[in-house]
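Student: Please see the structure below; I have some questions.
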Amino acid sequence: MAREAKKDPSELTVEEKLKALYQLQTMLSEIDKIKTLRGELPLEVQDLEDEVAGLSTRIEKIQNEIAELKSNVATKRIEIEAAKVSVEKYKSQQENVRNNREYDVLSKEIEFQSLEIELCEKRIREALAAEKAKNEEIERSTEALEERQKDLEAKKAELDEIISETKQEEEKLREKAKVLETTIEPRLLQAFKRIRKNSRNGLGVVYVQRDACGGCFNKIPPQKQLDIRSRKKIIVCEYCGRIMVDPELAGVVAEQSK
5 MAREAKKDPS ELTVEEKLKA LYQLQTMLSE IDKIKTLRGE LPLEVQDLED EVAGLSTRIE
65 KIQNEIAELK SNVATKRIEI EAAKVSVEKY KSQQENVRNN REYDVLSKEI EFQSLEIELC
125 EKRIREALAA EKAKNEEIER STEALEERQK DLEAKKAELD EIISETKQEE EKLREKAKVL
185 ETTIEPRLLQ AFKRIRKNSR NGLGVVYVQR DACGGCFNKI PPQKQLDIRS RKKIIVCEYC
245 GRIMVDPELA GVVAEQSK
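Using the numbering used here, you'd call the opening residue of the sequence shown number 5 and step up by one each time.
Given below as structure tokens:
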């Protein structure tokens, strides 16, 4: 026996369209509940990952700066040794000068080299002090990094546990919602998604509760309530723009207005 042909979305009655929209809303609300269960964990995990990456980059940068300081100290020490050799050479030459002019020139060279030695020693002291400060900074950053890594591992484990508990359910809901979307005409589906996106609680379709919109709770005029119950046309709330259905269609007759 041949399978009944699938109805084109545009051929559905308004009631069928409303039912499909409300069913889709119900599924998407369940997915939203799952996301709420995860809460801010995904964002917290992302923030911690960014912080860990930032601290790691900072430590690496400081390590490079320390390596440069060590290199500068080594260079200055070589310059000191070279200056000391020059001083000894000039002192030796002073013993064999032929006049005061040559002696004064050598004296100035000795003085210059001695100043160079003092300057190099000063630069070495500064570099060693900077290296010490940077080592202390690395120690603090490393401690902070270890703490953040522990926090990250704990948050990831917590998130993974929640995801493992809800992943299968969420995937099933998403698959059902995807199938259901194919039964709704594109223009109506797009309008529903736009309403849902602009809604703070993610509700694009609501049912009437006690003569009021189930989304914004503003009163609905009696004639419009009759139109909603007749299911002959798509009715939207004039205040919040949500699509409204009657409680019976939503399966919550008990909450109908008294």
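Where a beta carbon is used, it is the ideal one built from N, C-alpha and C, also for glycine.
Give the DSSP bridge partners of Tyr211, in chain order.
Tutor: Within the sequence shown, the letter at position 207 stands for residue 211. Tyr211 is bridged to Val249.
Student: Taking DSSP as the reference, what is the three-state secondary structure of Ile238?
Tutor: The residue you call residue 238 lines up with position 234 of the sequence shown. Three-state result, Ile238: coil.
Student: Work out the CA separation of Cys220 and Leu230 for me, nearest whole Å.
Tutor: Residue mapping note: residue 230 aligns to position 226 of the sequence shown, counting from 1. Residue mapping note: residue 220 aligns to position 216 of the sequence shown, counting from 1. Roughly 19 Å between the two C-alpha positions.
Student: Taking all protein chains shown into account, do 16 or more other C-beta atoms lie within 10 angstroms of the C-beta of Ile84, making it buried, or fewer, making it exposed?
Tutor: In the sequence shown, counting from the first residue as 1, residue 84 sits at position 80. So Ile84 ends up on the buried side.
Student: Is the beta carbon of Leu28 less than 9 Å from the beta carbon of Glu173?
Tutor: Translated into the one-based positions of the sequence shown, residue 28 becomes position 24. Translated into the one-based positions of the sequence shown, residue 173 becomes position 169. Contact flag unset, no.
Student: Check this for me: beta carbons of Glu135 and Lys74, under 9 Å apart or not?
Tutor: Along the sequence shown, read from residue 1 onward, the residue named residue 135 stands at position 131. Along the sequence shown, read from residue 1 onward, the residue named residue 74 stands at position 70. In contact: Glu135 and Lys74 (Cβ atoms closer than 9 Å).
Student: Assuming Tyr107 is part of the alpha helix (DSSP H), what are its boundary residues?
Tutor: Position 103 of the sequence shown, counted from the first residue, corresponds to residue 107. Here the alpha helix (DSSP H) through Tyr107 covers 104 to 185.
Student: Just how far apart, CA to CA, sit Glu20 and Gln227?
Tutor: The residue you call residue 20 lines up with position 16 of the sequence shown. The residue you call residue 227 lines up with position 223 of the sequence shown. Their backbone Cα atoms lie some 22 Å apart in a straight line.
Student: Please report how far the alpha carbon of Ala195 lies from the alpha carbon of Gly245, in whole angstroms.
Tutor: The count along the sequence shown starts at 1 and reaches residue 195 at position 191. The count along the sequence shown starts at 1 and reaches residue 245 at position 241. Spanning the two alpha carbons is a distance of roughly 10 Å.
Student: Which residue's Cα is closest to the Cα of Gly255: Gln213, Ile239, Thr17, Lys237?
Tutor: For the purposes of this step, residue 255 is taken as the residue at position 251 of the sequence shown. Nearest of Gln213, Ile239, Thr17, Lys237 to Gly255, Cα basis: Gln213.
Student: Could you please give me the residues that DSSP links to Ala216 through a beta bridge?
Tutor: Translated into the one-based positions of the sequence shown, residue 216 becomes position 212. Beta-bridge pairing links Ala216 to Gln213, Lys223.
Student: How close, in whole Å, do the beta carbons of Leu253 and Lys23 come, if the pair is a contact with beta carbons under 8 Å?
Tutor: On the sequence shown, position 249 is the one that residue 253 refers to. On the sequence shown, position 19 is the one that residue 23 refers to. Confirmed, about 6 Å.
Student: Does DSSP put Asp12 in a helix, a strand or coil?
Tutor: In the sequence shown, residue 12 corresponds to position 8, counting from 1. Of the three classes helix, strand and coil, the one that applies to Asp12 here is coil, per DSSP.
Student: Let me know the secondary structure DSSP gives Asn202 once reduced to three states.
Tutor: Within the sequence shown, the letter at position 198 stands for residue 202. Helix.
Student: Would Leu149 and Ile66 be called neighbours here (beta carbons separated by less than 9 Å)?
Tutor: Here residue 149 refers to the residue found at position 145 when the sequence shown is read from its first residue. Here residue 66 refers to the residue found at position 62 when the sequence shown is read from its first residue. In this structure, Ile66 does not lie closer than 9 Å to Leu149 by Cβ.
Student: Any idea if Ile82 is buried or exposed, counting beta-carbon neighbours within 10 angstroms, 16 or more meaning buried?
Tutor: Start at 1 with the first residue of the sequence shown, and residue 82 comes out as number 78. So Ile82 counts as exposed.
Student: Just to confirm before moving on: does the CB-CB distance between Glu113 and Ser90 stay below 9 Å?
Tutor: Numbered from 1 along the sequence shown, position 109 holds the residue referred to as residue 113. Numbered from 1 along the sequence shown, position 86 holds the residue referred to as residue 90. Taking 9 Å as the Cβ cut-off, Glu113 and Ser90 qualify as a contacting pair.
Student: Just checking my contact of Leu25 with Val209 at CB under 8 Å: how many whole Å lie between their CB atoms?
Tutor: Looking up residue 25 in the sequence shown gives position 21. Looking up residue 209 in the sequence shown gives position 205. Sure, about 5 Å apart at Cβ, within 8 Å.
Student: Taking the straight line between their C-alpha atoms, what separation do you get for Val249 and Glu189?
Tutor: The residue you call residue 249 lines up with position 245 of the sequence shown. The residue you call residue 189 lines up with position 185 of the sequence shown. Cα to Cα, the separation comes out at about 18 Å.
Student: Which of helix, strand or coil does DSSP assign to Gly58?
Tutor: By one-based count along the sequence shown, residue 58 stands at place 54. Helix at Gly58.
Student: Can you give me the Cβ contacts of Asp155 inside the same chain, cut-off strictly under 7 Å, excluding the 5 residues immediately before and after it?
Tutor: Locating residue 155 in the sequence shown gives position 151, counting from the first residue. If we look at Asp155 and ignore the five residues flanking it on each side, its Cβ neighbours are Leu52.
Student: Report all residues from its chain with a CB closer than 7 Å to the CB of Lys223; omit the five preceding and five following residues, and keep chain order.
Tutor: Within the sequence shown, residue 223 is the residue found at index 219, counting from 1. Cβ within range, chain order: Asp215, Ala216.
Student: Decide if Arg105 is buried, meaning its Cβ has at least 16 other Cβ atoms within 10 Å, or exposed.
Tutor: Indexing the sequence shown from 1 puts residue 105 at position 101. The residue is exposed, with fewer than 16 neighbouring Cβ atoms inside 10 Å.
Student: Would you give the residue range spanned by the alpha helix (DSSP H) that Tyr26 belongs to?
Tutor: The residue you call residue 26 lines up with position 22 of the sequence shown. Taken as a continuous stretch (DSSP letters only), the alpha helix (DSSP H) holding Tyr26 covers 18 to 42.
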